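Trainee: The structure follows.
Chains as they are written, first to last, in the numbering used here: chain R, 783 to 1226; chain H, 783 to 1226.
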């Protein structure tokens, strides 16, 4: 196929029938550009015809020869094609199932009903289950899953081997799974959650939605009022600069909860009967520099990009086995958001939902929870003030920088912060060791 | 009633039955605190019993004497009550109908069907209609509304009287209505929009939702993953500092659109058949420092707080009578957001939706629209870089500061920006004159 024919056919394929105008026209049918490989090839060839390319706005202008003849429609004497960003931002990549680990922290020994509920969704992925070392009974895990289980003996061996000064108990045990994973992506859901149903009463595939969130770009530099512009049926609204429509890699996907919301103990105590029933059908990028309380209940992330920034560092004195008795995920979520902002990655919040089952007695937790609630008054202003140096170019670098700032600015406020700073440093030591070891042999 | 009885009764009233714990307990039933006046009284008396009040976190700790006896439940030896922020943030104020102006820019002369569709929603408010001065035919407005109409002769008289160098034609004519309004709040909807229906097929009262958005606080300093925490059925999620739960005044409410979305001409041309059909049941505060493309199609704002920051300053050479041929609202929306961030007000986006009817031929608009699309590449980075001095304490101050920066930094980039800067200064001159005049006599 010669170049002219190729362009002709490509235009035919791209255009669909959107072209108009006698002399110049705007062409392109964005949804059809998603076909991927062929599109990239088409662009490469079309690039040879480019009349201008603005590296700032990344808008590509292409002028191609007039077409006419047997075809029913004729293009004018020339055609101006603006598809740089349109093309680019639609070219989201595909995540393969074997690039994903599902990581489950087992705080309950009988995972039978949990695993059965998730079977249609999780069974196509490799699963890592980390048993809370404080849990006495043996785990019950139904068959038919591709699963690695880590228990107290693995944790003890690891701690003995590495001299790790980290506690992997309670909700923190999941982080051991993050450390052991060899996959690019992690999806993690609490073991008191089951698949939710959407507003059409269809079961939500939370894994598929997290993968969509991570495989399409995030847009942290300008808010799109119609939410996720990469979702079919929507787009960037008027006024959204084309130069920003490529977006950036999404490194963290924060899902939500139906039924029992993830409130703190005071709120849960105030509203014991409150249930979250509103299904908000949206995903959005949390803007750069804006922080959010990342819940560990239902998340997914790109382990290669920001894995080191999710760790078990902040441990409350009265930490228990209920979500509202912890803020370890809030703490490392702040850290992850600051790291994403610094490295230019995106964080999304919204879909997918999971269904959180009933928890314990929130009023009983209040005495413990006050510690976490009070600490947040220090934690947020601190993270809002963090500015990382340009020399920090990896998530590991960033976490070490933040640990130093925690020690310096928060260490004297409360000993819990000094401990957190130490464990952040410790975590990075382990992460580097495990990741480097994993390149030569199997860790642990 | 003595104090003890009052507290007893208050606790009875507040508690509902949530209290527990032998020694200390957390009490309060937030939804019941909404009763308002009585609650404030209760708090005043309870304040006398406060053991600590943190003015930074605004958390109130109250210790009250042990209760026991005839009641079935007993409070322990003391009770710790944390209801400062809970109380405060539920005490949103009420907006009365006579504090609101509906402002309509009439770009079509026959408003009959438009007004009839909106009658159930708009008829309880005072309405200002500004007729596009380029429109030749007389306006048709059905009876039964409390309406003030401004036409070309009013605009000419005003321009002659004040020497105004502003153009109030096309979509910009609505700003004349903003200037003439004497109300605290403005709601403005394009005349090609009709009431939309929600996901339960109920007609959406866009005015009521805008009023809800403006009368409940915004939370720009930390993102709440469950969206608007003031909406019944939701709240602040775990990790949200109590000190930020009061929120700040919401000054701008940006609604959305079903059917025809507010895309730019290129996007609309690319997707001529695309219709926005997804009803996202959420309102959120756009975080501080994050900018958004504010559409003028469906907005409401607190005129006293930020009225001067919404103006007809940026006028494209090829500006026409279709939304996608303008960016005047995007420009002043950036300005308004920067002003809100500086003055500590909030901006919300999301509900309510309106139904946008079919527009014109987007492909025909492309030649004009490129100007706006290209300008946005300069506009966004500029507004992202704006930092206002502390001396700017009103919206007027802020706009004048921004106008100076526009002149200095963008004036040489494109003459359109120099013109915009001049018109911003001119607008503030008029705003001050009209507002000061309105205190002594009726303007115009």
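Backbone N, C-alpha and C fix where the C-beta goes; we use that ideal spot for every residue, glycine too. Only a predicted model underlies this, so the values are computations on that prediction, with no experimental measurement involved.
Any Cβ of chain H within less than 9 Å of the Cβ of residue 1117 of chain R?
Mentor: Answer no: the Cβ-Cβ gap between residue 1117 of chain R and chain H never drops below 9 Å.
Trainee: Looking at chain R, is there any beta carbon in it that lies within less than 9 Å of the beta carbon of residue 1075 of chain H?
Mentor: Residue 1075 of chain H counts as touching chain R.
Trainee: When we look at the beta-carbon of residue 1091 of chain H and count the other beta-carbons within 10 Å, is it buried (16 or more) or exposed?
Mentor: Buried, because 16 or more other Cβ atoms sit within 10 Å of the Cβ of residue 1091 of chain H.
Trainee: What is the DSSP secondary structure of residue 1115 of chain H, counted as helix, strand or coil?
Mentor: Residue state, collapsed to three classes: helix.
Trainee: Closest Cβ-Cβ distance between residue 1032 of chain R and chain H: below 9 Å?
Mentor: Not one chain H Cβ lies under 9 Å of residue 1032 of chain R.
Trainee: Taking 8 Å as the threshold, find out whether the stretch 1106–1118 of chain R comes into contact with the stretch 1066–1086 of chain R through three or more Cβ pairs.
Mentor: The stretch 1106–1118 of chain R, when compared against the stretch 1066–1086 of chain R, does touch it at the 8 Å Cβ threshold.
Trainee: If you draw a straight line from the alpha carbon of residue 1160 of chain R to that of residue 926 of chain H, how long is it in whole angstroms?
Mentor: Those two C-alpha atoms are separated by around 56 Å.
Trainee: Chain R partners of residue 1038 of chain H, CB-CB under 8 Å?
Mentor: Chain R residues near residue 1038 of chain H: 1007, 1008.
Trainee: Within this structure, are the beta carbons of residue 1088 of chain R and residue 1036 of chain R separated by less than 9 Å?
Mentor: Their beta carbons are not under 9 Å apart, which means residue 1088 of chain R does not touch residue 1036 of chain R by this criterion.
Trainee: So which of R:1107, R:1007, R:900 has the shortest CA-CA distance to residue 1145 of chain R?
Mentor: The option with the nearest alpha carbon to residue 1145 of chain R is R:1107.
Trainee: Between R:913, R:907, R:1020, which has its C-alpha nearest residue 967 of chain R's C-alpha?
Mentor: Nearest of R:913, R:907, R:1020 to residue 967 of chain R, Cα basis: R:907.
Trainee: Quick check on residue 981 of chain R: does DSSP put it in helix, strand or coil?
Mentor: Coil, per DSSP.
Trainee: Around the Cβ of residue 990 of chain R, are there at least 16 other Cβ atoms within 10 angstroms (buried) or fewer (exposed)?
Mentor: Result: exposed.
Trainee: Starting from residue 1041 of chain H, trace the alpha helix (DSSP H) in both directions and tell me its first and last residue.
Mentor: Per DSSP, residue 1041 of chain H belongs to no alpha helix (DSSP H); it is in the beta strand (DSSP E), 1032–1041.
Trainee: Which whole-angstrom value describes the C-beta separation of residue 1033 of chain R and residue 959 of chain R, a residue pair presumed to lie in contact below a C-beta threshold of 8 Å?
Mentor: About 18 Å; that fails the 8 Å criterion.
Trainee: Check each candidate in H:895, H:1025, H:1191 and name the one with the smallest Cα separation from residue 922 of chain H.
Mentor: Checked all of H:895, H:1025, H:1191; the closest Cα to residue 922 of chain H is H:895.
Trainee: Going along the chain, which residues of its own chain have a beta-carbon closer than 7 Å to the beta-carbon of residue 1124 of chain R, five neighbours each way excluded?
Mentor: Answer for residue 1124 of chain R: 1170, 1174, 1180, listed in chain order.
Trainee: Are there 16 or more other CB atoms within 10 angstroms of the CB of residue 851 of chain R, so buried, or fewer, so exposed?
Mentor: With a pLDDT of only 29 at residue 851 of chain R, under 50, the local geometry of the prediction cannot be trusted, and the value read off the model is given with reservation. Looking at its Cβ environment, which holds fewer than 16 other Cβ atoms inside 10 Å, residue 851 of chain R is exposed.
Trainee: Quick check: the stretch 937–951 of chain H against the stretch 1093–1106 of chain H, are at least 3 beta-carbon pairs closer than 8 Å?
Mentor: The stretch 1093–1106 of chain H is in contact with the stretch 937–951 of chain H.
Trainee: Can you pull the chain R neighbours of residue 1049 of chain H, defined as C-beta to C-beta under 7 Å?
Mentor: Result: 1017, 1018.
Trainee: Using CA atoms only, rank isn't needed, just tell me which of R:888, R:1078, R:1182, R:1158 is closest to residue 1131 of chain R.
Mentor: It is R:1078 whose Cα lies nearest to the Cα of residue 1131 of chain R.
Trainee: Please list the partners that residue 1064 of chain H has in chain R, where partner means a Cβ-to-Cβ separation under 7 Å.
Mentor: The answer, in chain order, is 1062, 1064.
Trainee: Does the CB of residue 919 of chain R have a neighbour CB from chain H at under 9 Å?
Mentor: No, its Cβ sits nowhere closer than 9 Å to a Cβ of chain H.
Trainee: In the DSSP assignment, find the alpha helix (DSSP H) that holds residue 1213 of chain H and state where it starts and stops.
Mentor: 1197–1220 is the extent of the alpha helix (DSSP H) around residue 1213 of chain H.
Trainee: Assuming residue 978 of chain H contacts residue 986 of chain H (C-beta within less than 8 Å), just tell me the rounded distance between them.
Mentor: With a Cβ gap of about 5 Å, residue 978 of chain H and residue 986 of chain H count as contacting.
Trainee: Could you pull out every residue in the same chain whose Cβ sits closer than 7 Å to the Cβ of residue 1189 of chain R, ignoring the five residues on either side in sequence?
Mentor: Contacts found: 1200, 1203.
Trainee: Closer than 9 Å by beta-carbon distance: list the chain H residues that pair up with residue 1004 of chain R, in chain order.
Mentor: Residues of chain H passing the Cβ test: 1072, 1073, 1074, 1075, 1162, 1166.
Trainee: Whose C-alpha, out of H:937, H:1031, H:1139, is nearest the C-alpha of residue 1039 of chain H?
Mentor: Minimum Cα distance to residue 1039 of chain H is reached at H:1139.
Trainee: Can you tell me which of the three DSSP states residue 1020 of chain H falls into?
Mentor: Coil.
Trainee: Kindly confirm or deny that the stretch 909–923 of chain H and the stretch 1058–1067 of chain H touch, where touching means at least three C-beta pairs closer than 8 Å.
Mentor: With the cut-off at 8 Å, the stretch 909–923 of chain H and the stretch 1058–1067 of chain H do not touch.
Trainee: Helix, strand or coil, according to DSSP, for residue 1009 of chain R in the structure here?
Mentor: Note: residue 1009 of chain R maps to coil in three-state DSSP.
Trainee: Compare the C-beta of residue 934 of chain H against all C-beta atoms of chain R and say whether one is closer than 9 Å.
Mentor: Not an interface residue.
Trainee: Quick one: is residue 1055 of chain R buried, meaning 16 or more other Cβ sit within 10 Å of its Cβ, or exposed?
Mentor: Residue 1055 of chain R is exposed by the Cβ-count criterion.
Trainee: Which stretch, first to last residue, makes up the alpha helix (DSSP H) that contains residue 1088 of chain R?
Mentor: Element bounds for residue 1088 of chain R: 1085–1088.
Trainee: Looking only at its own chain, which residues have a Cβ that is under 6 Å from the Cβ of residue 1016 of chain H, when we skip the five neighbours before and after it?
Mentor: For residue 1016 of chain H, where only same-chain residues beyond five positions count, the Cβ hits under 6 Å are 1008.
Trainee: Compute the Euclidean distance between the alpha carbons of residue 995 of chain R and residue 1026 of chain H, then round it to the nearest angstrom.
Mentor: Approximately 29 Å, taken between the alpha carbons.
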